[in-house]
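According to this note's numbering, the sequence shown is numbered sequentially starting from 6.
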Amino acid sequence: MELTYRTDIPHKEDYYYLFQSTGWNAEEVWSMNTLFEAIQNSWYIVTVYDGEKLVASGRLVSDGHVQCFICEMMVLPDYQKKGIGQEIMTQLLNHCKTNNIRWVQLSCASGKKAFYEKYGFRERAADTGMNLFL
């Protein structure tokens, strides 16, 4: 396994496969083209390749000044628990720090809370925020 970390937009077929394989699109809500358009509007993206195979990705959506949202932290199941997600998080958070972004938010997948707590993320118990999924 020879991993390469990059900051370029992956091919849409590769990204769609990663998205599907990690369960993010289990209900087939988003098409390949919709997801590709979404990642093109990312503020910053980290992709990880094993050779030519896209095995992980994480991206940021931001106003570039005040706040940032971590989107779609994904690692193929066979590549999980190998430090790949940790490196992606480090690169994403470093990009925020470099650009003086101090408010970083995310939505956590079930069972992944402890992973994000290692980076200082905390639940907002008193003010949980709200979501609307249309």
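Using N, Cα and C, we set each Cβ at its ideal position, and we do this for glycine too.
Computed from a predicted structure; not experimentally measured.
Sixteen is the threshold: when 16 or more other Cβ atoms of the shown chains lie within 10 Å of the Cβ of S62, as they do, the residue is buried. Across the structure, V80 and F74 are spaced so that their CA atoms are roughly 18 Å apart. Taken in chain order, the whole alpha helix (DSSP H) runs of length 4 or more contained in the region 45-109 are 89-103. Cα atoms of G28 and V60: separation of roughly 14 Å, rounded to the nearest angstrom.
The Cβ-Cβ distance between I50 and I14 falls below 8 Å.
The beta carbon of Y124 lies closer than 7 Å to those of M94 and L98 in the same chain, with the five residues before and after it left out. The residue among E33, S26, T39 and L8 with its C-alpha nearest the C-alpha of K17 is T39. The secondary-structure analysis by DSSP pairs R11 across a beta bridge with T52.
Check the Cα spacing between K102 and each of H70, E42 and S47: the tightest is with H70. Between the alpha carbons of E33 and E57 lies a gap of roughly 25 Å. Between Y20 and I44 the beta-carbon gap is near 6 Å, inside 8 Å, which marks them as a contact.
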